[in-house]
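Under this note's numbering, the sequence shown has 169 at position 159, and the numbering climbs by one with no breaks. A virtual CB, placed ideally from N, CA and C, is assigned to each residue, including glycine. None of the values given here were measured: they were computed from a predicted structure. Structure, as structure tokens:
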Amino acid sequence: MYDYYLGGCHNFAADRAAAEQVLEIFPDTGVAAQTNRAFLRRAVRYAAERGVRQFLDIGAGLPTQGNVHEVVRPIAPGARVVYVDNDDVAVAYARRLLPLDGRTVVAHGDLRRPDELLADPAVRANIDFTEPVAVLLVAVLHFLPDDDEPYAAVARLRDATAPGSLLVLSHLTLDGAPPVPTQQGREVYRRSSAPIVPRTHAATARFFDGYELVEPGLAWLADWRPDGEPHAAVSHGYGGVGVRR
Numbered sequence: 011m012y013d014y015y016l017g018g019c020h021n022f023a024a025d026r027a028a029a030e031q032v033l034e035i036f037p038d039t040g041v042a043a044q045t046n047r048a049f050l051r052r053a054v055r056y057a058a059e060r061g062v063r064q065f066l067d068i069g070a071g072l073p074t075q076g077n078v079h080e081v082v083r084p085i086a087p088g089a090r091v092v093y094v095d096n097d098d099v100a101v102a103y104a105r106r107l108l109p110l111d112g113r114t115v116v117a118h119g120d121l122r123r124p125d126e127l128l129a130d131p132a133v134r135a136n137i138d139f140t141e142p143v144a145v146l147l148v149a150v151l152h153f154l155p156d157d158d159e160p161y162a163a164v165a166r167l168r169d170a171t172a173p174g175s176l177l178v179l180s181h182l183t184l185d186g187a188p189p190v191p192t193q194q195g196r197e198v199y200r201r202s203s204a205p206i207v208p209r210t211h212a213a214t215a216r217f218f219d220g221y222e223l224v225e226p227g228l229a230w231l232a233d234w235r236p237d238g239e240p241h242a243a244v245s246h247g248y249g250g251v252g253v254r255r
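The structure is reproduced here in structure tokens:
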């Protein structure tokens, strides 16, 4: 659905049908998805310019527009990027479509099982956790209900990384959203494989425990370090980057 919102071609009929239902309720969802992707590009660029040379993109989904390695390569050609997803189809597609250059790797893993994810051979072979790494959790945590212990999972990832590592995070919110269409939108996702769990600003900020937020902190996605690149300033989520203490 995310790829469809972005205007990509790597999606399926069921994705398109569900996405169209959401667009009928929230017509600006496609623009909001593009705003989230623009945040990803800016945050990844920030990490690369800061000197980070390892990127662990968890919940990467189907390869879509403006992938992490495409943003990183012009700044740091030797940087390593590991894409992780728990969906077999997404992993298979990614392995077919992404470059086989020895620096871009796809692994099967689940954020809900961080120890298994961290122990995956592909992850261990390409990420040196004694050096700074950027952990990307972009538009993924709002698919994990509290029963899945998402805060503990993020804390486990934090503890596995070296000081100076980064957490790049974006999260859907309903702060300020009207209640009736919000319920209709949630119903669409409830019928999918990944029911959606929006969180408030305070609840999202908890994921950054143990990190020092870089300016401007946890902000609306369109407001996080805008770089003059033209994009519509429509946000339905918060985004931020934290530095591991």
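query                                                                                 : result
Strand pairing of GLY247, partner residues [DSSP]                                     : LEU182
TYR56 and VAL251 closer than 8 angstroms at C-beta                                    : yes
Beta-carbon spacing of PRO208, HIS152 below 8 angstroms                               : yes
Closest by C-alpha distance to VAL150, when choosing among VAL253, GLY249, ALA23      : GLY249
Boundaries of the beta strand (DSSP E) in which ARG90 is found, first to last residue : 90-95
Whether LEU128 touches GLY69 by CB criterion (8 angstroms)                            : no
Span separating the alpha-carbon of GLY238 from that of VAL54                         : 16 angstroms
Contact under 8 angstroms by Cβ, LEU231 with ASN77                                    : no
Start-to-end residues for the alpha helix (DSSP H) that takes in THR214               : 211-215
PRO160 burial status per 10 Å Cβ neighbour count (16 or more: buried)                 : buried
For PRO155 and VAL224, the rounded distance between their alpha carbons               : 27 angstroms
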